[in-house]
Structures are given as C-alpha cells and as structure tokens.
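Using UniProt numbering, you'd call the opening residue of the sequence shown number 1 and step up by one each time. No residue lacks a Cβ here, since even glycine has one placed at the ideal position from N, Cα and C. Keep in mind that this is a model prediction, so the values were computed, not measured.
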Amino acid sequence: MMFGFFHYPSHVNSFIPHGHCYLWKTGLVWLHIISDATIALAYYSIPLLLLYLISKRKDVPFNGVFVLFSAFILACGTGHWMEIWTLWHPDYWITGVLKAFTAIISIYTAFTLIHLIPQALTLPSPAQLKAINKDLSHEIIERIKTEQALLRISKAVESVSDAIGIADVTGKSIYQNPAFINLFGYTVDALNAAGGPIAVYNNPEQAQTIFATIGNGQSWRGEITMQQASGKTMQIDLRADAIKDRTGKIIALVGVHTDITERKQAEAQLQTAQQFMCSVIQAMPIAVFVKDATDLRFVLCNRAAQELVGVSADEILGKTDYDFFPQQEADFFTQRDEEALTSKKVIEIPEEIVHPNNGGGETRILHIRKTPIIDAQDQPQYLLVIREDITEQKQIQAALTASEAKFRSLVENANDAIYAMTIDGIFTYLSPNFTRMFGYEISEFIGQSFVPMIHPDDVANFMEFLHKVAQTGQKQAGLEVRVKRKDGTYGWITSNTSPVIDTNEEVVSFQGIIRDITNRKQAEALLQQQAIELAQTLKQLQTTQSQLIQSEKMSSLGQLVAGVAHEINNPVSFIYGNLAHANSYTQQLLNLIQLYQSNYPNPVEEIQQEIEALDLDFLIDDIPKLFSSMEAGAGRIRQIVDSLRTFSRLDEAELKAVDIHKGIESTLMILDHRLKLKPNQPQIQVIKDYDNLPLVECYAGPLNQVFLNILANALDALEDSLIQGKLTHNQPQISICTQQLPSKQIVIRIIDNGPGIPEQVRQKLFDPFFTTKAVGKGTGLGLSISYQIITERHGGSLQCISSPNEGAEFIIEIPVAQMHK
1 MMFGFFHYPS
11 HVNSFIPHGH
21 CYLWKTGLVW
31 LHIISDATIA
41 LAYYSIPLLL
51 LYLISKRKDV
61 PFNGVFVLFS
71 AFILACGTGH
81 WMEIWTLWHP
91 DYWITGVLKA
101 FTAIISIYTA
111 FTLIHLIPQA
121 LTLPSPAQLK
131 AINKDLSHEI
141 IERIKTEQAL
151 LRISKAVESV
161 SDAIGIADVT
171 GKSIYQNPAF
181 INLFGYTVDA
191 LNAAGGPIAV
201 YNNPEQAQTI
211 FATIGNGQSW
221 RGEITMQQAS
231 GKTMQIDLRA
241 DAIKDRTGKI
251 IALVGVHTDI
261 TERKQAEAQL
271 QTAQQFMCSV
281 IQAMPIAVFV
291 KDATDLRFVL
301 CNRAAQELVG
311 VSADEILGKT
321 DYDFFPQQEA
331 DFFTQRDEEA
341 LTSKKVIEIP
351 EEIVHPNNGG
361 GETRILHIRK
371 TPIIDAQDQP
381 QYLLVIREDI
391 TEQKQIQAAL
401 TASEAKFRSL
411 VENANDAIYA
421 MTIDGIFTYL
431 SPNFTRMFGY
441 EISEFIGQSF
451 VPMIHPDDVA
461 NFMEFLHKVA
471 QTGQKQAGLE
481 VRVKRKDGTY
491 GWITSNTSPV
501 IDTNEEVVSF
511 QGIIRDITNR
521 KQAEALLQQQ
531 AIELAQTLKQ
541 LQTTQSQLIQ
551 SEKMSSLGQL
561 VAGVAHEINN
571 PVSFIYGNLA
581 HANSYTQQLL
591 NLIQLYQSNY
601 PNPVEEIQQE
611 IEALDLDFLI
621 DDIPKLFSSM
631 EAGAGRIRQI
641 VDSLRTFSRL
651 DEAELKAVDI
661 HKGIESTLMI
671 LDHRLKLKPN
681 QPQIQVIKDY
691 DNLPLVECYA
701 GPLNQVFLNI
711 LANALDALED
721 SLIQGKLTHN
731 QPQISICTQQ
741 LPSKQIVIRI
751 IDNGPGIPEQ
761 VRQKLFDPFF
771 TTKAVGKGTG
781 LGLSISYQII
791 TERHGGSLQC
801 ISSPNEGAEF
811 IIEIPVAQMH
821 K
C-alpha cells in the first residue's frame, strides 16, 4: 500500500530524489530508513566510546589514531543519515562533499596506520611485559636494600662531628649534615643563595683549584682558610673527593671539613712560646749551657756562652768541659755536675776562677749554678748550667774604693747639679752648681721639698717619675720639667734619677743629676715652629706643582684631542659627503642591470655563470644596506669628533658664554664606551633632567674637566660595585640634573646610585693627593683640581652629599655671569 509520505514533493530542485529509485515502495523504503538509521546510531556511539577510552587512559599509546578513527566513523554515520535525507531531498552535492570529506579522513587514517603498524608491532607482548615486571620487582628489592644501606650511612653521616657537604657536578649544594650547618651557619638553600659551596672559601682561586681537582676524579686534602656565614674565618682540614657510580662516572662532589682552628691557635701559641723562650735564653747576658744527663755533652748554649768559651755554637754542641777548660778545672766541673744529678738539687759555686782554652789565656771569675732538669719519671734528663761572668763585677768592686775618692771632687766641679733626696722628695744634698742654676743658696733647700719649685703643670709628671723609680728600683732618665728660679722666671731642666737600695732591697732614697736645658728647649721650640712652617710651605709647593703638572697634562691632552679631531674630521667629512653620490651612482647601475635583465632575460652562458657566482640578487639587496650602515658609521664618527672638539675647547681659554648642556653631552660622548652594555653586567643608565638654562659665562675647557672627573669617579664606583657584587639593586644609573636658581646661579647635580661614600672619606674628598683607588689608578688630584676650578676660577661651590649604600650626589653651583675684575 502506498502512502503519501513516500511521494516526492513537487517543489524540490531538478534532481530526482533517491526514493524514485525504490519506486517509493513502502517496504523497501522502510528497510533502507531503518538500516541507515541503525548504522548511523551505531557509528555515532563508537566515537563516543573511543573518546571516553582515551580520556580515561591517557597512557594508551597511539591515542591520536583513535581520534582519526572517531572522525572517520562519525563521517560514515553522517553519510547514512544523508542516505535517509536524499530519499525525499535530492541534495546530492551535500552528500558528495560529505563523502569527499569521509574519503580524505579515511585516506589520512590509512596512511597513519601504515606508519603506526611497525611501531605497534614493537609493543611488548604479555610474556615480555611479565618478564619486564619481574625485572622491575627485582630492581625494587635491590633499591630497597640500597635505600636501607643509604639510610644507615645517612644516620652515620648525620651523627659525625665532621662537617660533610655534598654538591652536584655543577657545584650546587645538595646535602649538608648538621655538623656542617652548625660549623658554617648555612643550610642547603642558604648556601646556594650565597653562591654555592664556593661561598665558604676564603680564597676563591684556591676553591676553583680544589673543585677542578676533584672534578677530574682526583682526591684533594689540605689545610685551608674558610669562612662562616657571619664572615668569621676558620682553619679547616679539608678532605675533598668525587662520588662515582658503578661505571666510574662522577655523579657528585663531597667535602669533609674538620675545624682545626683551636689546634692551629694552640700550635701558634706553642711556637710563639718556644720562640720567646729561645729569644729570652739567647738574650740573657749570662752564659747558659744545657748538658745531656747521660754523657754531660753540651746540647744547648746561648750567645753569652759562646762568648765565654770563645767559639761558635756549632763548635760547642756535642762536646764536654774537657774540650774548653784545663783538665783540673774540667774534673771539678764534672764532679759537681754528677753531684747535682745524683742529688737532684741545685748546686751553686759562688766564685770559680777558670782559664778557657780560647787562645787568649784570659782568666775569668764565674758564679756558677747547676740545676738538674727532671723528666716525668723523676729522673734527670738534662743539666742546666748558668755561668755568670763576675770578673768585671769584682774588678768594679776593687775599683769602687778608688773611684769613691774621686767622686766628691767630680761632684763639686760638675756643670750639672747633683742631688740626693729622701723617698718623700726632701733634699738631703745639693751640689754647689745648684746655686748657679737657680739663684738659691743651698741652705735654703736642704731639708725642703723640691715640689714647690716645679711648675704646677709639671708636678704630676715629677711625682709619677719618682714613683716609677721607687716601684721599679731602677734608674729613670729623661724627665723634663720647668723649675722656678729665685727671680721668679721658669727654666727647663732634665733629671736622671737613681734609687738608693738598702740591704733589704728596698728603695730608701733617691740621687740624681739635674741639667739646665732652657737654651735647648728654646732652640727646639724655634726649630719646631720653623719645621711646621717649612712643612706647610713644602706641602703647598707640592700641591701647586702637582696641580700645574695635571693642568699642563690636560692642556696638552686638549691640544692633542683637538688636533686629532681636526685630522679625523677632514677625511670623515669627505667620506660622509661622497656617500650620497656613491649610493646614487650605485643605484643607477643597479637599475641599469635590472633594465638589462628585463629586456634580455636569457644572457649568454658566461654572463649567466658570472651572475650566479656573484649572487647578483643578494648584492642588489645588500648594497643599499651597506651604504646605510656606512653612512651611520660615518655619522657616528662625526658626532665623536664634534664631542672631542667641544670637550677640548682650545678656542675658549678665556671666559665665554657657552651652553652647559653641550659640555655635559660632549663629556658623556667621551665616556660612552664605559656606559655601554658589558658581558655579565647590566648597562649603566644615564638619566638627564635638563632645565632651560641660559648661556653661562665660564671657562669651558676646565669646566668640562670637572664634569669628566666627577662622571668618571661615578662610573668607577658603579663598575667596582658591580664586579664586587656590592650593589643592592640591579640597575646602576647616573642622573644629571640642571637648574637655574633665582639668585642668578645655576646648579648641576650628578647623582649615582652606587655604594656611597663613608663619612671619613667624604670629608677628605677634595684634599690634594687623597685617593681610595689602588696605586697607579688615581693621583688624588682630580677632585682637588675640580674644587679649585669651581671655587677659585668660577666663584662657585662644589659639595658632595653621600652616605654608605645611598649613592653619592655632587652639587656644582656657579654664577651665570662672572664678576670681571
């Protein structure tokens, strides 16, 4: 039975609907509708399931092909829907496009499968996966064992007292035990932030050597100086080595650090003590010998001992008394040596006359002490023999009686005044010359204190002087005080005072000599004043000479710069002027070549080969660029020449109204090479804030010199800070500001954001010859001359405002017009 539903509508285009092919038989049409719809629904469900699969299993290989399959199946399903649609609607063009799209996807999918099948064939089979899984299980077990062993090692490393640090092959810290953190004050992150393990080395070059050694697989051990995070240095016994895997490949670097600072300090103290004791023994004025307790041979002697026997230490050591003294005296010394060693007590020989075999045959009188040196087992190991030569003392004692008779005569006739006083400073004796010096009668002061005669400002020194004599029990010399004469005037004296010691070794009085040094003091005062004046004059002459030399250098440099600028300017002007013509001529030739090529596109083979050899197309494209770069380079040279001529200002030695900004710009041009970007350093930025200044009457050349000195110093400070890593920011910059003041003055400020200047340095900045730069890098005259140029020649002011870590600001202030004398 036929229904109207299966009849083709009459208003559709000229193509015949597909239902006509089925003669609109109801059974046949429904068969195709149900079949195509079922296939389409099935095709639509398959892509959804595939997409769901790859979304859940992103680890499935070749998931891209699933997307292609989904697109292909989806297109096929849509084709079946179109089969139903064309039963009534003959939209065969749409059906054709859809089939073409399906064909493209199917072909692309087929080609993709061609490339993927070999890769898919390489996927492991279930048996292979099982074997791999078994290997992985074995590896996991081995890794667990390794981790357990590493855990035991880690616990041991954590508990050792030595500081252990481990770095990777790039030098980055990856592990530190607690002892390392406690010793150096760095955690792993803190050490890496400070620059890595090299931060704990006091000597970076030594650190590089050590890392290079262990980086080559070798071990290194030695004692070096290292530093904590706080900056405190330490002496470290370092054992450094490379950690390698089973193949011998270096995988890490390890260092074991033992703090030996205290040991080193103890060794140094011990060495100092030994050197001190040796120096003391050698410096002692009495002869010191040390003998071996077993054979009584000399093992040590000082210089006084060498002088006593008349030979050197090399000739004394290893010998006995028999080598230096007669047999009888040597037997006596040996007997007493054995007595001291046996009794383990000090043996003293108050006086012993000896005759050393030193060739002189001079008899000496010795005071000898023999002291046994006992070891830990209470056995004598050495014998210390001290032989004090008292020959002169005995001779002095003999001569003392004779000299005492002469003493009074000398005292009575000496030019100096000789005195004696009690411990309280009361005169008990004064020589006659005291009256000549001070005008007082001796009777006026016997029994009186010396203090009232001394100038009030010198009393404390006098009392301290006497106190020192009493405390030390030794002679003191060189006291200089003012003493009041009888006429009321003061004169200068110098006093040498000796203590008088009783049998109980206590100071009971003083005696000494007074000398009048008034004339000498007056002469010294005059000479000192003359020396001060001479030093000031010499300093002024040296400063003036150095400034003249520096000015002459700058003048000569200016003449040289101007001459060089003139000589360079002529050829550069010629080059720059002819570049436009050369460019024009070349362009005309290129146009001619292009015209020739357009009219004769097939030249002879020889010309064609030459065109290919020359790469004519590249030349035609590159020649304009070459001329453009040449013109830019020549223009740059002209700018530099103009800046050099502006900076030198040879034609402006006298006052002249100039544009200050041009002078600053010419100076910046000269320093341009220092402002450019350098490897591993940020570019120094120059910020300009120029006011609308009038022409300023000034000495242009010297003023440019001031700009150069200040800007060069700012660049030095910034560059040094960048190298040393002292800047607290990442953008070094210099600011130049100009301003006109209401007081007919202009001010130029040059500001940098460098490390700043300490106050003690800032106060000396403008002093001649003062510099903080290394020898050979600065004369110390730049800022001094700049200060003179601004203040003396321009009647202005130059000052510096700075503090550490706040940069520096130099302020130049000069009048717009100079006062003409």
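Review point. Hey, how far is the Cα of residue 600 from the Cα of residue 117?
Key: Each residue's Cα considered, the two are about 56 Å apart.
Taking the beta carbon of residue 291 as the centre, do at least 16 other beta carbons fall within 10 Å, making it buried, or is it exposed? So residue 291 counts as buried.
Taking the alpha carbon of residue 252 as the reference point, which residue from 164, 102, 338, 306 has its own alpha carbon closest? Residue 164 is the option with its Cα nearest to residue 252.
(Q) Closest to residue 763 by C-alpha separation, out of 798, 730, 791, 732, would be which residue? (A) Per the Cα distances, 798.
(message) Measuring straight from C-alpha to C-alpha, what distance separates residue 801 and residue 724?
(response) Approximately 23 Å between the Cα atoms of the pair.
* Asked: DSSP state of residue 445, grouped into three classes?
  -> The answer is coil: DSSP assigns residue 445 none of H, G, I, E or B.
Span of the beta strand (DSSP E) around residue 797
That run of the beta strand (DSSP E) goes 797 to 802.
Once the 5 residues before and after residue 472 are set aside, which same chain residues still bring their CB inside 7 Å of it? The beta carbon of residue 472 sits closer than 7 Å to none of the beta carbons in its chain outside the five residues before and after it.
For this session: Using DSSP bridges, identify the partner residues of residue 254.
Result: Residue 254 is bridged to 166, 241.
Exercise. Measure the CB-CB distance between residue 513 and residue 416 and report whether it falls below 8 Å.
Key: Going by C-beta atoms, residue 513 is nearer than 8 Å to residue 416.
**Message:** Here's the rule I'm using: 16 or more other beta-carbon atoms within 10 Å means buried, otherwise exposed. How should residue 667 be labelled?
**Reply:** Under this definition residue 667 is a buried residue.
* **residue 208, enclosing alpha helix (DSSP H) - first and last residue** => Looking at the DSSP string, the run of the alpha helix (DSSP H) that includes residue 208 is 204 to 215.
Next item on the list: Go ahead and label residue 794 buried or exposed: buried means 16 or more other beta carbons lie within 10 angstroms of its beta carbon, across all protein chains shown.
Entry: Residue burial is scored here from C-beta neighbours: residue 794 has at least 16 other C-beta atoms within 10 angstroms and is therefore classed as buried.
*Does the segment 252 to 272 touch the segment 223 to 243, meaning 3 or more C-beta pairs lie closer than 8 Å?*
Between the segment 223 to 243 and the segment 252 to 272, the count of C-beta pairs closer than 8 Å reaches three or more; the two stretches touch.
Taking the alpha-carbon positions, what's the residue 322 to residue 331 distance? Approximately 8 Å, taken between the alpha carbons.
Quick one: residues in its chain with C-beta nearer than 6 Å to the C-beta of residue 748, no 5 flanking neighbours on either side, listed in chain order?
-> Sequence-distant Cβ neighbours of residue 748 in its own chain, meaning closer than 6 Å and more than five residues away, are 738, 812.
Please report the distance separating the alpha-carbon of residue 438 from that of residue 497. Answer to the nearest angstrom: the Cα atoms are 19 Å apart.
Which runs of the beta strand (DSSP E) spanning at least 3 residues fall entirely within the UniProt domain "PAC" (347 to 402), listed in chain order? Fully enclosed beta strand (DSSP E) runs of 3 or longer: 347 to 354, 364 to 374, 380 to 389.
Quick check: the Cα distance between residue 462 and residue 515, rounded to an integer number of angstroms?
For residue 462 and residue 515, the distance between alpha carbons rounds to 15 Å.
Of all the options 87, 173, 57, 104, which has the alpha carbon lying nearest to the alpha carbon of residue 76? Ranked by Cα distance from residue 76, the options 87, 173, 57, 104 are led by 104.
Alpha carbon to alpha carbon, how far is residue 754 from residue 714? Give it in angstroms, no decimals.
Their Cα atoms are separated by approximately 8 Å.
Taking only three categories from DSSP, how would you classify residue 307?
In this structure, residue 307 counts as helix in the three-state DSSP scheme.
Checklist entry - Mind checking residue 467: buried by the 16 CB within 10 Å criterion, or exposed? => result Residue environment analysis places residue 467 among the exposed positions, since fewer than 16 neighbouring C-beta atoms fall within 10 angstroms of its C-beta.
CA-CA distance, residue 888 and residue 508? This structure does not reach residue 888, given that the chain is present from 1 up to 821, and the question cannot be answered.
### Counted within 10 angstroms of its Cβ, other Cβ atoms place residue 817 as buried (16 or more) or exposed
With a threshold of 16 other beta carbon atoms within 10 Å, residue 817 falls short and is exposed.
- Item | Cα-Cα separation between residue 35 and residue 80, rounded to whole angstroms | Rounded to the nearest angstrom, the gap between the Cα atoms of residue 35 and residue 80 is 9 Å.
Next item on the list: Mind checking who residue 173 pairs with in its DSSP beta bridge?
Entry: Among the bridge pairs identified by DSSP, residue 173 is matched with 167.
Query raised in the report: When the Cα atoms are used, what is the spatial distance from residue 650 to residue 717?
Result: With a pLDDT of only 42 at residue 650, under the threshold of 50, the placement of this residue in the model should not be trusted, and no figure is reported.
With a threshold of 6 Å on Cβ separation, who are the neighbours of residue 240 within its own chain once the five nearest residues in sequence on each side are excluded?
Within the same chain, residue 240 has close Cβ partners 210, 214, 220, 255.
Note down, in chain order, each residue of its chain lying with its Cβ closer than 8 Å to the Cβ of residue 830, except the 5 sequence neighbours on either side. This structure does not reach residue 830, given that the chain is present from 1 up to 821, and the question cannot be answered.
Q. Do residue 196 and residue 173 have their C-beta atoms within less than 8 Å of each other?
A. Yes, the Cβ-Cβ distance between residue 196 and residue 173 is below 8 Å.
>> Measuring only the C-alpha atoms, how far is residue 419 from residue 425?
In response: If you draw a straight line from the Cα of residue 419 to the Cα of residue 425, it is about 11 Å long.
- Item | Residues near residue 594 by beta carbon distance below 7 Å, same chain, minus five either side | Excluding positions up to five away in sequence, the list is empty.
- Which whole-angstrom value describes the C-beta separation of residue 804 and residue 732, a residue pair presumed to lie in contact below a C-beta threshold of 8 Å? Wrong, their Cβ atoms sit about 16 Å apart, outside the cutoff.
_Cβ-based neighbour list, residue 652, same chain, cut-off 8 Å, excluding 5 preceding and 5 following_ = Its pLDDT being 48, under 50, residue 652 is placed unreliably by the model, and nothing is read from it.
For residue 292, which of helix, strand or coil comes out of DSSP? Three-state result, residue 292: strand.
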